[in-house]
Amino acid sequence: MANKALDLSANPRNEFGKGAARRARRAGLVPGVIYSKDTEPVHFTTDRLDLTSIVRNHGTNAVVDVDIEGEKHLTLIKHIDQNVLSLEIDHVDLLAIKRGEKVEVEVPVVYEGEPAPGALVFQEVDTLRIESDVLSIPDELTVSVEGLEIGSQITAADIVLEDGATLVDEDDLLIINIVEPQEEEPEEEEAAAEGEAVAEGEAAAEAPAEGEE
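Its first residue numbered 195, the sequence shown is counted upward by one per residue in the working numbering.
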C-alpha cells in the first residue's frame, strides 16, 4: 500500500512533436504530461530507468512527487504507453492530486488458497474499481478460495476493503467462479479412431466381392 509519495526528478519539456519525442527517448528520457482540473497541463521529461523502477516496484497506481526544477507536483500515474516491441515506457500521463483527496482507481484482484478437491477456480475479472485516499491505495486485493465447493461464487461485495475505501463497481460483479473441470476427449484418440475407420472403409472397397477372382 502506498503510504507516501515516491520522488521523481524531471525537467520541463519545451520541444514537442514526434521528432522531439524520439530524440528524448534516444537520450533515455520519457516524455510526460501532468493533467490538473485547475491548471494547464505541465509537460516534462524524466529518466526512463527511474520511472520504470517506480512502475515495476509500486505498480501503475503509484503516487509520485514530481520535482520539476524545484517545483513539486503530487501526482498519480493514470496512463502509460509502452513500446510494443521493447516494452519500454514511451510516455506517461500523470494526474495532479492533493493529500487527503480520494481518487478512483483500478486495483488488481488475486486469490489465495485451494478450492475443494475436484473444483476449478475461474477468475472472471482481474481488477476492481474502488475509491480510496491517494496515500492508502492498496497494491492488490486478495480473496481466499480455500475449500470452496463447485458452484461457489465471490462477488465484488465480498471483497474486504481497507478503512476509508469504497467500492465503485457494482456489488454483484462476479469476481471468482468455482466450477467443475470440463473433460475433453483426447484429440490423438479421436484422430486414431478416424484413421482406423478410413482404413477399414478403404480395405472393404478394395476387397473383391464374393464369387469374383
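Each residue gets a CB set at the ideal place from its N, CA and C atoms; glycine is no exception.
Who are the near neighbours of V315 in its chain, counting only those whose CB is closer than 7 Å to its CB and skipping five residues on each side? One-based indexing of the sequence shown puts residue 315 at position 121. The answer, listed in chain order, is Y305, P309, V339, I370, I372.
- prompt: Cβ atoms of A359 and E325: under 8 Å apart, would you say?
  reply: Your numbering for residue 325 matches position 131 in the sequence shown. Your numbering for residue 359 matches position 165 in the sequence shown. Contact: yes.
So, at 7 Å on beta carbons, what are the nonlocal neighbours of Q276 in its own chain, with the 5 sequence-adjacent residues on each side left out? Numbered from 1 along the sequence shown, position 82 holds the residue referred to as residue 276. Here Q276 has E282, I283, D284 as same chain residues with Cβ atoms under 7 Å from its own Cβ, once five neighbours each way along the sequence are excluded.
- Query: Three-state secondary structure (DSSP) at T246?
  - Reply: The residue labelled residue 246 in the question sits at position 52 within the sequence shown. In the structure shown, T246 sits in a helix (DSSP, three-state: H, G or I).
Residue from T269, G307, Q347, A199 with nearest C-alpha to S230: The count along the sequence shown starts at 1 and reaches residue 230 at position 36. Distance from the Cα of S230 is smallest, within the candidate group T269, G307, Q347, A199, for T269.
* To do: Could you tell me how far apart the beta carbons of D327 and K296 are, in whole angstroms, since I believe they sit closer than 8 Å?
  => The sequence position of residue 327 within the sequence shown is 133, counting from 1. The sequence position of residue 296 within the sequence shown is 102, counting from 1. Yes, they are in contact, since the Cβ atoms of D327 and K296 sit about 6 Å apart, within 8 Å.
> How is R323 classed by DSSP in three states: helix, strand or coil?
Replying inline: Counting from one through the sequence shown, the residue named residue 323 turns up at place 129. The DSSP-derived three-state label of R323 is strand.
Using the C-alpha atoms, what's the distance from E334 back to D261?
Counting from one through the sequence shown, the residue named residue 261 turns up at place 67. Counting from one through the sequence shown, the residue named residue 334 turns up at place 140. The straight-line gap from Cα to Cα measures roughly 27 Å.
Practice item. Can you say whether G226 is buried or exposed, counting buried as having 16 or more other CB atoms within 10 angstroms of its CB? Key: Within the sequence shown, numbered from 1, the residue matching residue 226 stands at position 32. G226 counts as buried, since no fewer than 16 other beta carbons sit within 10 angstroms of its beta carbon.
Exercise. Going by other Cβ atoms of all chains shown within 10 Å of its Cβ, with 16 needed for buried, is H267 buried or exposed?
Worked result: What you label residue 267 is simply residue 73 of the sequence shown in a count that begins at 1. It counts as buried.
Q. How would you label F238, buried or exposed, when you count the other beta carbons within 10 angstroms and need 16 or more for buried?
A. Along the sequence shown, read from residue 1 onward, the residue named residue 238 stands at position 44. By the 10 Å Cβ count, F238 comes out buried.
Handout entry: Those runs of the beta strand (DSSP E) which lie wholly inside the stretch 293 to 346 and span at least 3 residues
Key = Qualifying beta strand (DSSP E) stretches, in chain order: 296 to 306, 314 to 317, 321 to 327, 335 to 338.
Review point. Taking L223 as the reference, which of Q376, V236, K198, P206 has the closest Cα?
Key: Residue 223 sits at position 29 when you count from the first residue of the sequence shown. Checked all of Q376, V236, K198, P206; the closest Cα to L223 is P206.
### Message
Considering Cα atoms alone, identify which of E377, L202, R323 is closest to E263.
### Response
The sequence position of residue 263 within the sequence shown is 69, counting from 1. Residue nearest to E263 within the set E377, L202, R323 is L202 (criterion: CA-CA distance).
* Helix, strand or coil at G211 [DSSP, three-state] -> Here the question's residue 211 lines up with position 17 in the sequence shown. In the structure shown, the three-state DSSP call for G211 is coil.
inquiry  = Judging by CA-CA distance, which residue of P311, G213, E374, T321 is the nearest neighbour of E364?
reply    = Along the sequence shown, read from residue 1 onward, the residue named residue 364 stands at position 170. The candidate whose alpha carbon is nearest that of E364 is T321.
Q) If you draw a straight line from the alpha carbon of R293 to that of R242, how long is it in whole angstroms? A) The count along the sequence shown starts at 1 and reaches residue 293 at position 99. The count along the sequence shown starts at 1 and reaches residue 242 at position 48. Near 26 Å, if we compare the C-alpha coordinates of R242 and R293.
Burial state of T233 (16 or more Cβ within 10 Å):
Taking the first residue of the sequence shown as position 1, residue 233 is located at position 39. That one is exposed.
Cutoff 8 Å; reference E343; Cβ partners in own chain excluding five residues on either side: Within the sequence shown, residue 343 is the residue found at index 149, counting from 1. Exclusion of the five residues before and after E343 leaves P309, A310, A313, I372 as the residues of its chain whose Cβ lies within less than 8 Å of its Cβ.
Exercise. Might you give, ordered along the chain, the residues of its own chain that have their beta carbon closer than 6 Å to the beta carbon of V236, omitting 5 neighbours on each side?
Key: As a first step, residue 236 is located in the sequence shown; it is residue number 42 there, counting from the start. Same-chain partners within the cutoff: I228.
State buried or exposed for A218, treating a residue as buried only when at least 16 other CB atoms are found within 10 Å of its CB. For the purposes of this step, residue 218 is taken as the residue at position 24 of the sequence shown. Residue burial annotation: A218 is buried, with at least 16 other C-beta atoms found within 10 angstroms of its C-beta.
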